[in-house]
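Asker:
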Amino acid sequence: MNLILPLRIIQTILSFIVLGLSAYCVDVTVRFDAAAFLVFTSVWTFLVLAYLLLTPMFYPDLHNRWAVVGLESITMIFWFAGFVAMANSIDHVICIGTGCRLTSSAKAAAVFGAFQWIAWATSLGLIIHALIQYRKGENADADSAVV
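Counting from 257, one number per residue, gives the positions in the sequence shown under the numbering used here.
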């Protein structure tokens, strides 16, 4: 069973959730760098998902397995850095009036960012596993052609 498409759907949904929560944090507090980074990471994720989902179907000449591994790795690192930075900066938010909603939104963004990191780490693992299997198949075909 191919788990990549359900993971892509989960990644898209989580990106929308994190985008909304972190955009709220940026809107309420202008100087919230971790939330701004999560906004960037969510937008980056939409661009990467567009490449990963559309190029195999509509532009197969532009689809490259090494680009997929690179984009998956970079995106996973971005999500890790984003949720860790958000979790670290929650302590610096003062809870007064609407600040309590800001703290709750920041905590939720950090948690959903962690889930997003897990989703990207899982998809990267599946992609690398498939790439290793593909390379083993290439070597087996080359060995049988030589004999």
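Cβ atoms here follow ideal geometry from the backbone N, Cα and C, with glycine treated the same way.
None of these values were measured; they are calculated from a predicted model.
1. What span of residues does the alpha helix (DSSP H) with Ile-346 cover, start to end?
2. Is DSSP giving Tyr-315 helix, strand or coil here?
3. With Val-340 and Leu-387 assumed to form a contact (beta carbons below 8 Å), what rounded beta-carbon distance in angstroms separates them?
4. So what's Val-367 in DSSP terms, helix, strand or just coil?
5. Is any beta-carbon of chain C found at less than 7 Å from that of Ile-266?
6. Touching or not, the stretch 266–276 and the stretch 296–309, by the rule of three or more beta carbon pairs under 8 Å?
7. Check whether the Cβ of Ala-341 sits closer than 6 Å to any heavy atom of the ligand NAP, and report yes or no.
8. Should Ile-383 go down as buried or exposed, given a rule of 16 or more other Cβ atoms within 10 Å for buried?
9. Decide if Val-295 is buried, meaning its Cβ has at least 16 other Cβ atoms within 10 Å, or exposed.
10. Residues in the same chain with beta-carbon distance under 7 Å from Lys-363, minus the five sequence neighbours each way, listed in chain order, please.
Answerer: On the basis of the data shown:
1. Taking the first residue of the sequence shown as 1, we reach residue 346 at position 90. Note, Ile-346: premise wrong, no alpha helix (DSSP H); not H, not E.
2. Within the sequence shown, residue 315 is the residue found at index 59, counting from 1. Of the three classes helix, strand and coil, the one that applies to Tyr-315 here is coil, per DSSP.
3. Along the sequence shown, one-based indexing puts residue 340 at 84. Along the sequence shown, one-based indexing puts residue 387 at 131. Val-340 to Leu-387, Cβ: 27 Å. No contact.
4. The sequence position of residue 367 within the sequence shown is 111, counting from 1. If DSSP states are grouped into helix, strand and coil, Val-367 belongs with the helices.
5. Protein chain content of the structure displayed is limited to a single chain, and chain C is not contained in it.
6. yes
7. Among the components modelled here there is no ligand, and therefore nothing to report on the ligand NAP.
8. Within the sequence shown, the letter at position 127 stands for residue 383. That one is buried.
9. For the purposes of this step, residue 295 is taken as the residue at position 39 of the sequence shown. Buried, by the Cβ-count rule.
10. For the purposes of this step, residue 363 is identified with residue 107 of the sequence shown, where counting begins at 1. Answer for Lys-363: Ile-346, listed in chain order.
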